[in-house]
Amino acid sequence: MFHNPGSMFARPSIIHILCALLLLAGTAWADSAWKIVKIGGREYLTVDNVAQFYGLPA
Numbered sequence: 043m044f045h046n047p048g049s050m051f052a053r054p055s056i057i058h059i060l061c062a063l064l065l066l067a068g069t070a071w072a073d074s075a076w077k078i079v080k081i082g083g084r085e086y087l088t089v090d091n092v093a094q095f096y097g098l099p100a
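The working numbering puts the first residue of the sequence shown at 43, with every later residue one more than the last.
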């Protein structure tokens, strides 16, 4: 009769954990590709840098 909200979520499998770790590792590698430009004490990304990072035509 009573609802147990904890039962809605299954325990994460090893596959889910490995996928999460790969995504986190990918973001750590991607951080090194950004070329940050400082203007007036603030950090910016150029449009060319963002396009190159995502593989878009500039």
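Just so you know, even glycine gets a beta-carbon here, dropped at the ideal spot from N, CA and C.
>> Does L98 come out as helix, strand or coil in the three-state DSSP assignment?
In response: coil
>> To the nearest angstrom, how far is the alpha carbon of L60 from that of G83?
In response: 39 Å
> P99 to A93, Cα distance in whole Å?
Replying inline: 6 Å
> Are M80 and L87 touching if we call contact CB-CB under 9 Å?
Replying inline: With the sequence shown as reference, residue 80 is identified as Lys, and Met is not the correct amino acid for it. Result no, Cβ atoms of K80 and L87 do not sit closer than 9 Å.
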